[in-house]
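In the numbering used here, the protein residues as written are 1231 to 1389. Built from N, CA and C at the ideal position, the CB exists for glycine as well. Note that the structure is a prediction, hence the values are computed from the model and not measured. Note sheet for the following structure.
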């Protein structure tokens, strides 16, 4: 048996974090990594103390459930943007976020402002919608700001 690559390992952790997600429309997981250490995980769910989608249903606006905080946002908030910025300036390895689904515009804005330098994402949003357009915003922003934007083939995690 061969050793998993770093990307496989951390994406597998993000996939496991996604299992905690409480929005059954799409479970998403995220892991923030620096110097080959997982520093924070996140999954999509309602803000602390409020009812979850799997308890009370979805709160839909424009084809998107707005009841949940996205996995990337939860991971960034858990670790703290200032901590990530300090790690990014430390001159060692890039701060990376692994996320099972490509970041939307809002999450990409958080990634940019927290100085995460590498985004490894698993899948696109499955249905064409405003969310797909926002993923293009994220990809374009990554290119413009020299953020490493890597698609990870999720099927390599099987087995």
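C-alpha distance - residue i paired with residue j, whole-angstrom precision
i	j	result
residue 1275	residue 1374	30 Å
residue 1312	residue 1344	7 Å
residue 1262	residue 1284	26 Å
residue 1383	residue 1277	30 Å
residue 1308	residue 1232	33 Å
residue 1238	residue 1386	8 Å
residue 1370	residue 1342	12 Å
residue 1397	residue 1249	Residue 1397 falls outside the range modelled here, since the chain spans only 1231 to 1389, and no answer is possible.
residue 1236	residue 1267	10 Å
residue 1301	residue 1320	25 Å
residue 1242	residue 1234	10 Å
residue 1318	residue 1381	21 Å
residue 1255	residue 1379	25 Å
Contact belief for residue i with residue j at Cβ below 8 Å, rounded distance in angstroms
i	j	result
residue 1264	residue 1325	5 Å
residue 1306	residue 1347	Wrong, their Cβ atoms sit about 14 Å apart, outside the cutoff.
residue 1303	residue 1273	The pair is not a contact, with the Cβ atoms about 11 Å apart (cut-off 8 Å).
residue 1260	residue 1327	6 Å
residue 1332	residue 1368	6 Å
When the options are compared against residue i, the one with the closest alpha-carbon
i	options	result
residue 1251	1388, 1261, 1298	1298
residue 1269	1258, 1286, 1310, 1235	1310
residue 1257	1266, 1244, 1267	1244
residue 1253	1266, 1236, 1288, 1241	1288
residue 1335	1316, 1366, 1329, 1317	1366
Helix, strand or coil at residue i according to DSSP, with G and I counted as helix
i	result
residue 1354	coil
residue 1316	helix
residue 1349	strand
residue 1266	coil
residue 1338	helix
residue 1295	strand
residue 1272	strand
residue 1331	strand
residue 1326	strand
residue 1258	coil
residue 1381	strand
residue 1290	strand
Next item on the list: Taking 8 Å as the threshold, find out whether the region 1292-1300 comes into contact with the region 1347-1354 through three or more Cβ pairs.
Entry: no
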